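Mapping of the sequence shown onto the working numbering: residues 35 to 176, in sequence order. Each residue gets a CB set at the ideal place from its N, CA and C atoms; glycine is no exception. Nothing here was measured: the structure is a model prediction, and the numbers come from that model.
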Amino acid sequence: MFLGEFVHTIDDKGRLTIPARFRPDLAIGLVVTRGIDRCLAIYPKEEWDRLAERVSALPMTDRSARAFRRLVFANAADATPDKQGRVLIPPRLREYAGLDGEVVIAGLNNYIEVWDPDSWDQERTRVEGDDSTIEEWAILGI
C-alpha cells in the first residue's frame, strides 16, 4: 500500500529515488507511464498486470478503449529499482510531466503519482478549495 507525500529529486541522469517505504512493493519491478493530470503514474508490476488485463478485455472497436491504450501503454516504460532505490524515468515522460530536479511523490494506495511541485500545489489547492469536489466524492459513495 502506498500512502503519504514525499519530496525527492530526479538527478541529472533522469533517475528518481523511490521513498524507502515504497521500495519493497516495487522491488520485483514497476511500470511508469503518463498520468491523467500531467503527472506520472508508477504501478507495481502486479497492479500493472491487473490493469492490463482489464484493458485488454475491452473491445478494440471502442474508441475510448483505443485512446486509453494509446495514452497509457504506448507511453509506458518498465523498470526495476537499482540498489539505491532509483529508477530511470525516460525523457519523454519527464517532459510530459514537467519534471526537472525536485518532485513530489504521492502514494495513492495501489499506485504512485509523481508531480512537478508547482503543479502538485495547484492541484491540492483546486481540490481543497472546491466544495463541489466533496459533492463529487459523495456521488462516488466515498
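Of the residues the options, the one placed nearest residue i, counting alpha carbons only
{"i": "residue 129", "options": "144, 68 and 61", "result": "68"}
{"i": "residue 71", "options": "161, 173 and 172", "result": "161"}
{"i": "residue 110", "options": "140, 126, 95 and 120", "result": "126"}
{"i": "residue 56", "options": "41, 48, 131 and 35", "result": "35"}
{"i": "residue 154", "options": "146, 144, 138 and 103", "result": "138"}
{"i": "residue 146", "options": "48, 75 and 39", "result": "75"}
{"i": "residue 107", "options": "66, 53 and 81", "result": "66"}
{"i": "residue 142", "options": "119, 78 and 83", "result": "78"}
{"i": "residue 140", "options": "52, 45, 44 and 47", "result": "52"}
{"i": "residue 50", "options": "95, 96, 94 and 120", "result": "120"}
{"i": "residue 157", "options": "47, 73, 99 and 46", "result": "73"}
{"i": "residue 40", "options": "64, 104 and 136", "result": "136"}
{"i": "residue 45", "options": "122, 166, 144 and 173", "result": "122"}
Beta-bridge pairing of residue i - partner residues as DSSP gives them
{"i": "residue 139", "result": "40 and 148"}
{"i": "residue 110", "result": "Its beta-bridge partners do not exist; DSSP assigns none."}
Run of the alpha helix (DSSP H) containing residue i, from where it starts to where it stops
{"i": "residue 49", "result": "Element bounds for residue 49: not the alpha helix (DSSP H) but the beta strand (DSSP E), 49 to 51."}
{"i": "residue 99", "result": "97 to 106"}
{"i": "residue 131", "result": "125 to 131"}
Range covered by the beta strand (DSSP E) that runs through residue i
{"i": "residue 122", "result": "120 to 122"}
The ligand FMN heavy atom lying under 6 Å from the CB of residue i
{"i": "residue 93", "result": "Questions concerning the ligand FMN fall outside what the structure shown contains, since it holds no ligand whatsoever."}
| query | Is there contact between the segment 85 to 104 and the segment 148 to 155, where contact requires at least three CB pairs shorter than 8 Å? | reply | no
| Cβ pair count under 8 Å reaching 3, the segment 105 to 123 against the segment 54 to 61 | In short, these stretches touch, since the Cβ pair count reaches three.
| request: Can you check the segment 46 to 80 for any alpha helix (DSSP H) of at least 4 residues that lies completely inside it and give the ranges in chain order? | output: Under the rule that a run must span 4 or more residues, the alpha helix (DSSP H) segments found entirely inside the segment 46 to 80 read 57 to 60.
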